[in-house]
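Here is the structure we will look at, set down as structure tokens.
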Amino acid sequence: MEVKTISSEWETIHQRRGWGRYPSETVIRFVARNFYQMDRENVKILDFGCGQGAHTWYLSREGFDTYAFDGSQSAVDKAVQFLENEGLRAHLDVMDGANISYQDDYFDAVIDSACIGHNMIKDIKRMYSEIYRILKKEGKLFTTFFSTKTTGFGTGECLEHNTYKSVEAGPLQGVGVVHFWDKNEFSEIVKGAGFKNIEIENSIYTNNGNYIDSYVLTATKL
Ligand SMILES: C[S@@+](CC[C@H](N)C(=O)[O-])C[C@H]1O[C@@H](n2cnc3c(N)ncnc32)[C@H](O)[C@@H]1O
Numbered sequence: 006m007e008v009k010t011i012s013s014e015w016e017t018i019h020q021r022r023g024w025g026r027y028p029s030e031t032v033i034r035f036v037a038r039n040f041y042q043m044d045r046e047n048v049k050i051l052d053f054g055c056g057q058g059a060h061t062w063y064l065s066r067e068g069f070d071t072y073a074f075d076g077s078q079s080a081v082d083k084a085v086q087f088l089e090n091e092g093l094r095a096h097l098d099v100m101d102g103a104n105i106s107y108q109d110d111y112f113d114a115v116i117d118s119a120c121i122g123h124n125m126i127k128d129i130k131r132m133y134s135e136i137y138r139i140l141k142k143e144g145k146l147f148t149t150f151f152s153t154k155t156t157g158f159g160t161g162e163c164l165e166h167n168t169y170k171s172v173e174a175g176p177l178q179g180v181g182v183v184h185f186w187d188k189n190e191f192s193e194i195v196k197g198a199g200f201k202n203i204e205i206e207n208s209i210y211t212n213n214g215n216y217i218d219s220y221v222l223t224a225t226k227l
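Letter by letter, the sequence shown follows residues 6 to 227 of this note's numbering.
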């Protein structure tokens, strides 16, 4: 049976507007620290939930063997066009995050820039287990999350503990399902998938009057 976990709002968003053209500083720092010194064309990196391809563009431009997928057809169409316009190449697919078809022990790194947190807990657990499966030994995970202190938490329809739909305020308004994290819960889930060497960095900032408590977690498959 086909698994479909992505919120329907994403297809509408990607059809109607642009979404993120430039990579985040945290992704650049992670890639630079871990992979800039390597033989880049032999380093396989997956952009998990790539949206319209901001990080796919960056990875390809930096010479990595770049893979990317998103559950929204419009997002992937726009990412393909974006790379084509710049003469860049990547392996792009439409896929659901809970049903990825990559082979075992394949990637040197998987980058989740704000995709996985837009899902229900059971699917989030499945996604981290699947990422563990497709990473090579010594392969690295980069993933991000927003905590329960972020503006908008507690608004909209509560679907399960700390997971909301139709959030009514803040940076996560209008994007379907959102899981707001407790730092320890997050680390336990990633550990439960098998990851080791878990490191968490936190930045707290305000934007448009919203309070944003944002985390980056990196981990390794040993
Ligand atoms: C906040 S956007 C981030 C996009 C991109 N990573 C970036 O940094 O610009 C979240 C993306 O995850 C995708 N997404 C969310 N849940 C998904 C799922 N279950 N399967 C596949 N894609 C999903 C959405 O379509 C959307 O493009």
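All residues carry an ideal CB built from backbone N, CA and C; glycine is no exception. Computed from a prediction, not measured in an experiment: that's the story for all the values here.
Fill in: Residue burial classification, residue 37 (beta-carbon count within 10 angstroms, cutoff 16)
exposed
Worksheet item: Any heavy atom of ligand 1 closer than 6 Å to the Cβ of residue 59?
Response: yes
Worksheet item: Considering only the beta carbon of each residue, do residue 12 and residue 221 sit closer than 7 Å?
Response: no
Worksheet item: Which value, in whole angstroms, describes the spacing of the CA atoms of residue 82 and residue 59?
Response: 13 Å
Worksheet item: Got a sec: does ligand 1 put a non-hydrogen atom nearer than 6 Å to the Cβ of residue 70?
Response: no
Worksheet entry | Whole runs of the beta strand (DSSP E) within the region 80-118, excluding any shorter than 3 residues | 96-99, 112-117
Discussion item. Buried or exposed, going by whether 16 or more other CB atoms sit within 10 Å of the CB of residue 110?
Written reply: exposed
Fill in: Status (buried if at least 16 other CB within 10 Å, exposed otherwise) for residue 227
exposed
Worksheet item: On the three-pair Cβ rule with 8 Å, is the region 39-47 touching the region 125-140?
Response: no
Practice prompt. Quick one: residues in its chain with C-beta nearer than 8 Å to the C-beta of residue 155, no 5 flanking neighbours on either side, listed in chain order?
Written response: 175, 176, 177, 185, 215, 216, 217, 218, 219
Discussion item. Tell me the residue span of the beta strand (DSSP E) that contains residue 212.
Written reply: 201-212
Practice prompt. Note down the Cα distance separating residue 9 from residue 124, rounded to an integer number of angstroms.
Written response: 11 Å
Discussion item. Is residue 129 a contact residue of ligand 2, with contact defined as CB to any heavy atom under 6 Å?
Written reply: By its list of ligands, the structure shown excludes ligand 2, since it contains just ligand 1.
Discussion item. Going by DSSP in three states, residue 142 sits in which element: helix, strand or coil?
Written reply: strand
Discussion item. With DSSP as the reference, identify every bridge partner of residue 186, one or two as the case may be.
Written reply: 152
Worksheet item: Of the choices 151, 84, 45, whose alpha-carbon is the least far from that of residue 210?
Response: 151
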